[in-house]
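There are 2 protein chains.
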Amino acid sequence: MKKVVAGVDIGGTNTRFGLVDEKGKVLSENNFKTTDYPKINDFVQALTAGIKKLTAANKEFKLVGIGIGAPDANYHRGTIEHAPNLAWKGIVPLADLIRKKINVPVVVTNDANAAAMGEMIFGVAKKMKDFIVLTLGTGLGSGIVIDGKMVYGHTGFAGELGHMTVVPGGRECGCGRKGCFEAYASATGLVKTVIELMSEIRDESTLRDIPTSKLTSKKIAEAAAKKDPIAVKAMNKTAEILGFGIINSIVFSSPEAIILFGGLANAGEMLFAPTRKYLKENNYVLMKDTVKILPSGIPESKGAVMGSAALIWNDLKK
Amino acid sequence: MKKVVAGVDIGGTNTRFGLVDEKGKVLSENNFKTTDYPKINDFVQALTAGIKKLTAANKEFKLVGIGIGAPDANYHRGTIEHAPNLAWKGIVPLADLIRKKINVPVVVTNDANAAAMGEMIFGVAKKMKDFIVLTLGTGLGSGIVIDGKMVYGHTGFAGELGHMTVVPGGRECGCGRKGCFEAYASATGLVKTVIELMSEIRDESTLRDIPTSKLTSKKIAEAAAKKDPIAVKAMNKTAEILGFGIINSIVFSSPEAIILFGGLANAGEMLFAPTRKYLKENNYVLMKDTVKILPSGIPESKGAVMGSAALIWNDLKK
Numbered sequence: 126m127k128k129v130v131a132g133v134d135i136g137g138t139n140t141r142f143g144l145v146d147e148k149g150k151v152l153s154e155n156n157f158k159t160t161d162y163p164k165i166n167d168f169v170q171a172l173t174a175g176i177k178k179l180t181a182a183n184k185e186f187k188l189v190g191i192g193i194g195a196p197d198a199n200y201h202r203g204t205i206e207h208a209p210n211l212a213w214k215g216i217v218p219l220a221d222l223i224r225k226k227i228n229v230p231v232v233v234t235n236d237a238n239a240a241a242m243g244e245m246i247f248g249v250a251k252k253m254k255d256f257i258v259l260t261l262g263t264g265l266g267s268g269i270v271i272d273g274k275m276v277y278g279h280t281g282f283a284g285e286l287g288h289m290t291v292v293p294g295g296r297e298c299g300c301g302r303k304g305c306f307e308a309y310a311s312a313t314g315l316v317k318t319v320i321e322l323m324s325e326i327r328d329e330s331t332l333r334d335i336p337t338s339k340l341t342s343k344k345i346a347e348a349a350a351k352k353d354p355i356a357v358k359a360m361n362k363t364a365e366i367l368g369f370g371i372i373n374s375i376v377f378s379s380p381e382a383i384i385l386f387g388g389l390a391n392a393g394e395m396l397f398a399p400t401r402k403y404l405k406e407n408n409y410v411l412m413k414d415t416v417k418i419l420p421s422g423i424p425e426s427k428g429a430v431m432g433s434a435a436l437i438w439n440d441l442k443k
Numbered sequence: 126m127k128k129v130v131a132g133v134d135i136g137g138t139n140t141r142f143g144l145v146d147e148k149g150k151v152l153s154e155n156n157f158k159t160t161d162y163p164k165i166n167d168f169v170q171a172l173t174a175g176i177k178k179l180t181a182a183n184k185e186f187k188l189v190g191i192g193i194g195a196p197d198a199n200y201h202r203g204t205i206e207h208a209p210n211l212a213w214k215g216i217v218p219l220a221d222l223i224r225k226k227i228n229v230p231v232v233v234t235n236d237a238n239a240a241a242m243g244e245m246i247f248g249v250a251k252k253m254k255d256f257i258v259l260t261l262g263t264g265l266g267s268g269i270v271i272d273g274k275m276v277y278g279h280t281g282f283a284g285e286l287g288h289m290t291v292v293p294g295g296r297e298c299g300c301g302r303k304g305c306f307e308a309y310a311s312a313t314g315l316v317k318t319v320i321e322l323m324s325e326i327r328d329e330s331t332l333r334d335i336p337t338s339k340l341t342s343k344k345i346a347e348a349a350a351k352k353d354p355i356a357v358k359a360m361n362k363t364a365e366i367l368g369f370g371i372i373n374s375i376v377f378s379s380p381e382a383i384i385l386f387g388g389l390a391n392a393g394e395m396l397f398a399p400t401r402k403y404l405k406e407n408n409y410v411l412m413k414d415t416v417k418i419l420p421s422g423i424p425e426s427k428g429a430v431m432g433s434a435a436l437i438w439n440d441l442k443k
């Protein structure tokens, strides 16, 4: 028999799932539209049927657990709670519902925590005990590992670094507050910074020819690669705020590395180089030069499924 | 035989030490001037002789460990490193030096971590697994406990919340940077806020009759208790920044409680009430109303010795 874990990534639009072996190899995968199942029981039925089908495809497979990354997920309770981007309202006892269909250990946490677990078990943090993963996409998610353990906190919602205030009185955030880290250091934050710069400085830029609603971090990174002045300045400004938020995180837990993952991180050295420079110049003296800024070690297309599966593999290794 | 632990508090001026039993009772104590021993070997000789004398005073006592709180202490290495307020320069291998004289487990960490351990083992955090202690004195120290374990981080220097930047470009900090949490939310920070307010607003205040070099947080708290307008405003402003820094810490580790200790915390409800109000109004939605703001449960005069001893009692309980 070959032990396999199901990794599940529940997004607002798509749900992807796959079987992952102990080494992190994705053996098979499938997906469906989350939005096709506005009722949670139908969703659970579709997901568990999908996992059973993948498992049945090979007589050698023995399913030993299901790991799930989902928005607004609570690790302690195995729930999804008041997720604004999902159809299921209130508190959804997802882990319990799934266990009634497939009786194996089920773990639920948010996608950034799953990403961090993926880095620890299969990725660039394999030998690390203290690190932080920042997922720089539409928002900014974070997974924090301290002394080899994921930080869930008293509520189960720990690791919301996207909602540190980095600019008091600054940009509006989806959470209803102002100046949150994710309003600046994310793919959408980069777009906002370009718009801000277009209003403030006179430099010519090809980005001025794109409707602001069509601007993306990818287009900005491409323009920056061609030395477009507004794109370059926006990247540097984003790196500065990213560095600022990273330093405020470093004084908390003194990690060995900060690992950057997701849309904005794909800008590569254009983002990493000025971020490292900011840290070198501004980090608190006791932590100076003690923290690596690293790109993720997990392929982006497989990251969510591998990370979710890692939640279970980590438990089994204990 | 009665097992006892020596708790040691090394300060820039005085070193205090005592024997503490499993329940946190300080059985005997003594102290000497740290400044009398500019050579580390002489200091270690004096300290170990002092501990031996206390232990020998009762035939029933069996010394099972020595816990030490000291500035710029590194838990992983058992060292004091480049402490600006101590005479011993460079890296001092304190734990090793003491173990050569008294062969028991020796643990060294900074005083705020010792305070946090004291709260967990003997104080208000006895039943908590996730909390943060802020020591609001000359500076702002912090001890962070996550899932029942002290956070030391990759370097051993974790928990330096006093050096989060809370006001970008703000007040000068002793660390050479600007706008650090401890430049505002500490006893000295409160004094600075009073001076700032005296320059900005026209309100009458008895504090204007005191030379600024003689202002203390105690005098300001006394004036605030008598409704002195500048003192009250300074207290509220300090509570706001304290609340701001606390929220930025909450999104990190989602603690059950923030415990306030030290000079500024002695202002009591004049500080606690506006801090709680700020949190109620400004905390991130997922953490709202999940965090208690509590005064320390350890008597201030015994706190340092009890906290240092708790470092060892905690290890022995494992």
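Those sequence lines, one after another, are chains A and R. With the numbering used here applied, the first sequence covers 126 to 443. With the numbering used here applied, the second sequence covers 126 to 443. We put the CB at the ideal spot given by N, CA and C, even for glycine.
Check: Does any residue of chain A bring its CB to less than 8 Å from the CB of residue 399 (chain R)?
Finding: No, because no Cβ of chain A sits closer than 8 Å to the Cβ of residue 399 (chain R).
With a cut-off of 8 Å, does the C-beta of residue 374 (chain A) fall near any C-beta of chain R? Interface residue, yes.
Task: chain A residues whose Cβ lies nearer than 9 Å to that of residue 265 (chain R) - done: Within chain A, no C-beta atom comes less than 9 Å from the C-beta of residue 265 (chain R); the nearest is roughly 11 Å away.
| said: Please confirm whether residue 409 (chain R) has its beta-carbon closer than 8 Å to some beta-carbon of chain A. | reply: Answer yes: the Cβ-Cβ gap between residue 409 (chain R) and chain A drops below 8 Å somewhere.
Worksheet entry | Residues that DSSP places opposite residue 180 (chain R) in a beta bridge | None; residue 180 (chain R) has no bridge partner.
Proximal residues to residue 273 (chain A) (C-beta, below 6 Å), its chain only, five neighbours per side dropped:
Closer than 6 Å at Cβ, skipping near neighbours: 254.
| field | Option nearest residue 135 (chain A) by Cα separation, candidates A:327, A:324, A:156 | value | Ranked by how close their Cα comes to the Cα of residue 135 (chain A), the residues A:327, A:324, A:156 have A:156 in first place.
query = Counting Cβ pairs closer than 8 Å, one from the stretch 286-300 of chain R and one from the stretch 359-373 of chain R, do we hit at least three?
reply = Look at the beta carbons and you see the stretch 286-300 of chain R touching the stretch 359-373 of chain R: at least three pairs across the two are nearer than 8 Å.
request  = Count the other C-beta atoms from every protein chain shown that fall within 10 angstroms of the C-beta of residue 427 (chain A), then say buried if there are 16 or more, exposed otherwise.
outcome  = It counts as buried.
Worksheet item: Is the CB of residue 276 (chain A) under 8 Å away from at least one CB in chain R?
Response: Interface annotation, residue 276 (chain A): in contact with chain R, CB-CB separation under 8 Å.
key: Environment of residue 424 (chain A) [buried if 16+ CB atoms lie within 10 Å]   = Exposed, since its Cβ has fewer than 16 Cβ neighbours within 10 Å.
- Task: Following the continuous beta strand (DSSP E) through residue 206 (chain R), name the residue where it begins and the one where it ends.
- Result: 204-206 is the extent of the beta strand (DSSP E) around residue 206 (chain R).
Exercise for the section: Please name the residue in R:286, R:264, R:329 whose C-alpha comes closest to that of residue 299 (chain R). Expected result: Sorting R:286, R:264, R:329 by C-alpha distance to the C-alpha of residue 299 (chain R) places R:264 at the top.
7 Å Cβ cut-off: residues of chain A touching residue 168 (chain R)
Going along chain A, no residue has its Cβ under 7 Å from residue 168 (chain R), so there is no contact; the nearest lies around 23 Å.
Using the DSSP secondary-structure output, state which residues sit across from residue 419 (chain A) in a beta bridge.
Answer is A:384.
| message | When you compare the CB positions of residue 211 (chain R) and residue 137 (chain R), do they come within less than 8 Å of one another, or not? | response | In contact: residue 211 (chain R) and residue 137 (chain R) (Cβ atoms closer than 8 Å).
Three-state secondary structure (DSSP) of residue 199 (chain R) = In the structure shown, residue 199 (chain R) sits in a strand (DSSP, three-state: E or B).
Using a Cβ-Cβ cut-off of less than 8 Å, give me the residues of the stretch 303-337 of chain A that come near chain R, in sequence order. Flagged: no residues at all.
Could you check whether the Cβ of residue 245 (chain A) sits closer than 8 Å to any Cβ belonging to chain R? No - not a single Cβ of chain R is within 8 Å of the one on residue 245 (chain A).
| How about residue 201 (chain R): is its C-beta nearer than 8 Å to some C-beta of chain A? | For residue 201 (chain R), the closest Cβ of chain A is not nearer than 8 Å.
What does residue 285 (chain R) touch in chain A if you count any residue whose Cβ is under 7 Å from its own? Those are 376, 409, 411, listed as they occur along chain A.
Residues of the stretch 418-440 of chain A with a CB closer than 9 Å to any CB of chain R: list them in chain order, please. Residues passing the 9 Å Cβ filter: none.
Please state whether the Cβ-Cβ distance between residue 381 (chain R) and residue 247 (chain R) is less than 8 Å.
Not closer than 8 Å, so no.
Alpha carbon to alpha carbon, how far is residue 225 (chain A) from residue 200 (chain A)? Give it in angstroms, no decimals. Rounded to whole angstroms, residue 200 (chain A) to residue 225 (chain A) spans 18 Å at the Cα level.
message: Please tell me whether residue 436 (chain R) and residue 140 (chain R) are closer than 8 Å, where the distance is taken between their beta carbons.
response: Contact: no.
_I want to verify the contact list: residues of chain A whose CB lies under 9 Å from the CB of residue 384 (chain R), in sequence order._
Correct list: empty, because the minimum Cβ distance to chain A is about 13 Å.
Identify which residue in R:405, R:320, R:334, R:238 has its Cα closest to the Cα of residue 276 (chain R).
Measuring C-alpha to C-alpha distances from residue 276 (chain R) to each of R:405, R:320, R:334, R:238 identifies R:238 as the nearest.
**Study point:** Enclosing alpha helix (DSSP H) for residue 313 (chain A) [first to last residue]
**Key:** Taken as a continuous stretch (DSSP letters only), the alpha helix (DSSP H) holding residue 313 (chain A) covers 312-325.
Using the rule of at least 16 other Cβ atoms within 10 Å of the residue's Cβ for burial, across every protein chain shown, is residue 384 (chain A) buried or exposed? Buried, since its Cβ has 16 or more Cβ neighbours within 10 Å.
**Item:** Which of helix, strand or coil DSSP assigns to residue 369 (chain R)
**Value:** In this structure, residue 369 (chain R) counts as helix in the three-state DSSP scheme.
Checklist entry - So, are the CB atoms of residue 215 (chain A) and residue 434 (chain A) less than 8 Å apart? => result Against a cut-off of 8 Å, the Cβ pair of residue 434 (chain A) and residue 215 (chain A) comes out as no contact.
* Asked: Sorted by chain position, which residues of the same chain lie with C-beta nearer than 6 Å to residue 230 (chain A)'s C-beta, five sequence neighbours on each side aside?
  -> Result list for residue 230 (chain A): 190, in chain order.
| message | Taking 8 Å as the cut-off, does the stretch 387-398 of chain A touch the stretch 341-356 of chain A (at least 3 CB pairs, one atom from each stretch)? | response | By the Cβ criterion, the stretch 341-356 of chain A is in contact with the stretch 387-398 of chain A, since at least three pairs of Cβ atoms, one from each stretch, lie closer than 8 Å.
**Prompt:** Considering only the beta carbon of each residue, do residue 431 (chain A) and residue 145 (chain A) sit closer than 8 Å?
**Reply:** Against a cut-off of 8 Å, the Cβ pair of residue 145 (chain A) and residue 431 (chain A) comes out as a contact.
Buried/exposed call for residue 166 (chain R), threshold 16 Cβ in 10 Å | Residue 166 (chain R) comes out exposed.
Checklist entry - residue 228 (chain A) lies in the alpha helix (DSSP H); which residues open and close that run? => result Counting along the chain, residue 228 (chain A) falls outside any alpha helix (DSSP H), and DSSP gives it neither H nor E.
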